[in-house]
Structures are given as structure tokens and as C-alpha cells.
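**Student:** Numbering (the working numbering), first residue to last: 15 to 276.
Pasting a structure below so you can have a look.
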């Protein structure tokens, strides 16, 4: 299966991949190389939107991140409420496809095949573990970045662009969270010739979970759509506003989407 063969459903202005698991997605990404065909108008980008990201995309809080998400060749429905709502919107999705599960499925296979990868990591510990698996130079640690500090942010983007040009990775995993990771991806897309542009994955904390540095919700909580609550219990002060102030706006988005699909 190629990226062109992956079934997709149009929801929330995005072409969401419809698959029973991440396995066919990983297979298609493993078969892809820079310069290979992509869906019409798409960029070599993987995004994994959850409810919070859909809310911010709808609000237009970061136009660059929105542009990257809407051009992505692979869009995985990472939020269980998205999957639950999809039948009522006339585009039923088979399963939730978390970015963290994709990393666990894809990254070891890339390493086993000797493929060139680059991970933009958030800590020295993640970088060390990545290089133990993928070889020296396979990771770069991002400093503490703010989109408000354009000079500092752009300087780091230039560093990533230089690494992409010199190392020629086939896959780049950016782990800085939304919307920072999408802004870095945008910089790489702008600076790299299309035939040399790697697949750019926006995967948040997936590598921390892959290496067991951040606890993931138990399977039963994931199955019942309670992973958000598990995360809230870990970091209540940081996540209270996200889950209890910002994200209820998803109900309004659902209502609008439902009316559009009548």
C-alpha cells in the first residue's frame, strides 16, 4: 500500500485517514521516499490532530500551523471524540489512530532498515535514546522556544533546515507540541527542494511515551476516550484550561459540521 492508497474521510476541513490500525499507515510511510507521489496538493507531512488541535485550527490561532495541517499528506484522527462523532457526520472512521502508536510502530522499523531519520527532541535523554537506536547525529535537542521570540525561533528552524540538507533524512520527527512543531515543519518545507523534502512528522510527546519517560493512559482508558483525563490527572494546573475552558468549543464545531453534512 502507498500513501495514495490510504482511504480518507473529509471531516473538519481535513482528509482524515480511515484505517483499523496504524499498521497500514506505517507500511505506506515505510514504502515512501522523498520525491515519491503524494495526494494532489499535499505536502510530505504527518499530523495527528486531537480535539484541542481542532479547536485551535477552527479559531485560526496560528495560521501557519493551520496551513501545515491542511496540506498534510497524512492526517490521523488522534482524538477518540473525533472517531465517535464521525458516523453522525456521514463519514464514519474505523478507529482512533494515535501519533504515539504510529511512532512505536514506525520508528523501530525505520531503524531496523537502516533508514536515515532525524528527531527534533525536547530533552537530552530522548536524544540519547534516539541515537542509540538510529545512530549518531539522528537527534537534535531543541532549546526552550517561544513563537514570540521570532529571532530565536527562526535561528533554530535554520539549524534544523541545515541538518536536513546535510544529513538528507527520509523522515523527520518534530516533538515540540502544537503549534511549534508545525511552524518548524513549515520552515523546512519552505527551505527544502520538493524532491529532497523528507516526510515531516508532527508527533508531540510521542517519543517520551515510546521510551517510557512519560506515562501513557492504560488501554481501557484509551478505549473509552479517557486518555485526556489521565493526562489531566498528571498535570492538572497546566491542562485545566485546555480541557475545561478551551476544548468544550468542540461541541460548537460538531454542531456546525453536522449542519454542513445534512
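Where a beta carbon is used, it is the ideal one built from N, C-alpha and C, also for glycine.
1) Does residue 16 pass the burial test, meaning 16 or more other C-beta atoms within 10 Å, or should it be called exposed?
2) Do you know offhand how far residue 76's Cα is from residue 168's?
3) Who are the Cβ neighbours of residue 221 in its own chain at under 6 angstroms, not counting the five residues just before and after it?
4) Would a C-beta distance cut-off of 9 angstroms place residue 85 and residue 55 closer than the cut-off?
5) Which of the three DSSP states, helix, strand or coil, is assigned to residue 187?
6) For residue 24, does the three-state DSSP call read helix, strand or coil?
7) When you compare each of 197, 137 and 152 to residue 161 by their alpha carbons, which one comes out closest?
8) How big is the Cα-Cα spacing for residue 257 and residue 69?
9) Is the beta carbon of residue 225 less than 9 angstroms from the beta carbon of residue 143?
10) Can you tell me whether DSSP reads residue 82 as helix, strand or coil?
11) Can you tell me which residues form a DSSP beta bridge with residue 215?
12) Would you tell me roughly how many angstroms separate the C-alpha atoms of residue 223 and residue 203, rounded to the nearest one?
13) Report the partner residues of residue 30 according to the DSSP bridge assignment.
14) Report yes or no: do the stretch 97 to 116 and the stretch 169 to 178 share at least 3 C-beta pairs separated by less than 8 angstroms?
15) Out of 214, 135 and 103, state which residue places its alpha-carbon closest to the alpha-carbon of residue 267.
16) Which same chain residues end up closer than 6 angstroms to residue 130 when comparing Cβ atoms and leaving out the 5 residues on each side of it in sequence?
17) Counting only the same chain and skipping the five closest in sequence on each side, list residues whose C-beta sits under 7 angstroms from that of residue 272.
18) Going by DSSP in three states, residue 154 sits in which element: helix, strand or coil?
19) Short of 8 angstroms in beta carbon distance, which residues of its chain neighbour residue 275, apart from the five on each side in sequence? Order them along the chain.
20) Give the straight-line distance between the Cα atoms of residue 57 and residue 214, rounded to the nearest whole angstrom.
21) I'd like the span of the beta strand (DSSP E) that includes residue 134, first residue to last.
22) Quick check on residue 238: does DSSP put it in helix, strand or coil?
23) By the 10 Å Cβ neighbour count, where 16 or more other Cβ atoms means buried, how is residue 114 classified, buried or exposed?
24) Where do the N-terminal and C-terminal ends of the alpha helix (DSSP H) with residue 98 fall, by residue?
**Tutor:** Walking through what the data contain:
1) Along the chain shown, one-based indexing puts residue 16 at 2. The residue in question, residue 16, is exposed, as its Cβ has fewer than 16 Cβ neighbours within 10 Å.
2) As a first step, residue 76 is located in the chain shown; it is residue number 62 there, counting from the start. As a first step, residue 168 is located in the chain shown; it is residue number 154 there, counting from the start. Looking at the two C-alpha atoms, the distance is approximately 16 angstroms.
3) For the purposes of this step, residue 221 is taken as residue 207 along the chain shown, with counting starting at 1. Correct list, in chain order: 140 and 189.
4) By one-based count along the chain shown, residue 85 stands at place 71. By one-based count along the chain shown, residue 55 stands at place 41. Closer than 9 angstroms, so yes.
5) Stepping through the chain shown from its first residue, residue 187 is reached at position 173. In this structure, residue 187 counts as strand in the three-state DSSP scheme.
6) If you number the chain shown from 1, residue 24 lands on position 10. The answer is strand: DSSP assigns residue 24 an E or B state.
7) Numbered from 1 along the chain shown, position 147 holds the residue referred to as residue 161. The shortest C-alpha separation from residue 161 is found at 197.
8) Stepping through the chain shown from its first residue, residue 257 is reached at position 243. Stepping through the chain shown from its first residue, residue 69 is reached at position 55. Between residue 257 and residue 69, the C-alpha separation is close to 11 angstroms.
9) In the chain shown, residue 225 corresponds to position 211, counting from 1. In the chain shown, residue 143 corresponds to position 129, counting from 1. Contact: yes.
10) Within the chain shown, the letter at position 68 stands for residue 82. In this structure, residue 82 counts as helix in the three-state DSSP scheme.
11) Residue 215 sits at position 201 when you count from the first residue of the chain shown. Looking at the DSSP assignment, residue 215 forms a beta bridge with 60 and 187.
12) As a working note, residue 223 is residue 209 in the chain shown. As a working note, residue 203 is residue 189 in the chain shown. Each residue's Cα considered, the two are about 27 angstroms apart.
13) As a working note, residue 30 is residue 16 in the chain shown. Note: residue 30 sits in a beta bridge opposite 23 and 89.
14) no
15) Residue 267 sits at position 253 when you count from the first residue of the chain shown. Ranking the options by Cα distance to residue 267, first place goes to 103.
16) If you number the chain shown from 1, residue 130 lands on position 116. Here the set comprises 183 and 184.
17) Mapped onto the chain shown, residue 272 falls at position 258. Around residue 272: 102 and 103.
18) Position 140 of the chain shown, counting from 1, holds the residue named residue 154. DSSP places residue 154 in strand when its eight states are reduced to three.
19) As a first step, residue 275 is located in the chain shown; it is residue number 261 there, counting from the start. Closer than 8 angstroms at Cβ, skipping near neighbours: 103, 104 and 105.
20) Start at 1 with the first residue of the chain shown, and residue 57 comes out as number 43. Start at 1 with the first residue of the chain shown, and residue 214 comes out as number 200. Using only the alpha carbons, I get a separation of about 9 angstroms.
21) Here residue 134 refers to the residue found at position 120 when the chain shown is read from its first residue. Here the beta strand (DSSP E) through residue 134 covers 131 to 135.
22) The sequence position of residue 238 within the chain shown is 224, counting from 1. Coil, per DSSP.
23) The count along the chain shown starts at 1 and reaches residue 114 at position 100. Buried is the call here.
24) Stepping through the chain shown from its first residue, residue 98 is reached at position 84. Element bounds for residue 98: 94 to 99.
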